[in-house]
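Residue numbers (the working numbering): 927 to 1236.
Every residue, glycine too, gets a C-beta built ideally from N, C-alpha and C.
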């Protein structure tokens, strides 16, 4: 790996969750954009990793498999937080690893992913019912589910993006964005949420690397949040996303201060799903502006820490 002008993107999605590119396509895109380290972090699944183990690609890129989990923090009034969990011991490409997750931890991880997927399905079923009763839409769960099985690559993952495409097929909306603006900007509660603090500790036990993704997406800067960062760091959280396309300048400055105060390593994310979403965010694949704002020295520190966790 080159050590000058490193480009890294530690948060992306493929068709195995709510992205539009296949794992092969996203790796090709990363190579075209001269990304040195790419993390593929689909929601609740490692299917993209299984796919890539069967693929051939250039070895001048390192690919780190991961997942993105939706959690709630017990420390902060059950506020939603997304946790990216990377598995450097499964890395492919230039830093290919031959290690494996310990069997008991892999089973535990699979249980968590299955639970999160089941919770997501329950929420989506409630959301469909909400659209029927509150918005009087002429839809049904059965019809949606049949559409999902035919059109979605990952049959196990049911999500708002799937519902948006279904609403387009019904000519209820014209675009995914319109579906979210009119109908899907609504959260359904789940009875068994994953707890952020527990997931951080489990990731550390697995010798995986937890990263707090876009920390200010669901909450505002507050003294309580600032205190939580210190506690999460002690639990084993060592990296936070300080560069994400949805962050304001003030958010980034706050997170840089938090990183310095708590000795956090810094992650850069495009959170790439599709070209359409990147255009809406006025960003690009790889988050080139974020890579320019974070020093090469900081990126090397982050990557050295990630690969020391193997």
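Exposed or buried, residue 1170, counting other C-beta atoms within 10 Å across all chains shown (16 or more means buried)?
buried
When DSSP builds the beta bridges, which residues end up paired with residue 994?
969, 1010
Could you check if residue 1108 is buried or exposed, using at least 16 other CB atoms within 10 Å of its CB as the buried criterion?
exposed
Quick one: complete beta strand (DSSP E) runs, 3+ long, within the region 1084 to 1149?
1135 to 1139
Separation of residue 1096 from residue 1064, as counted between CA atoms:
9 Å
What residues in its chain sit with their C-beta under 7 Å from that of residue 1182, if we drop five residues either side in the sequence?
1168
State the Cα-Cα distance for the pair residue 1233 and residue 978, rounded to the nearest angstrom.
20 Å
Can you tell me the Cα-Cα spacing of residue 1121 and residue 998, whole angstroms?
5 Å
Taking the CB atoms as reference points, tell me whether residue 1052 and residue 1114 lie closer together than 7 Å.
yes
Using three-state DSSP, classify residue 1073 as helix, strand or coil.
helix
Using the Cα positions of residue 910 and residue 1157, report the straight-line distance between them to the nearest angstrom.
Because residue 910 is not part of the residues shown, which for the chain are 927 to 1236, the question remains open.
Restricting to runs no shorter than 4 residues, where is the alpha helix (DSSP H) found entirely within the region 1024 to 1065?
1029 to 1061
Considering only the alpha carbon of each residue, which of 1131, 1089, 1101, 1119 lies closest to residue 1112?
1089
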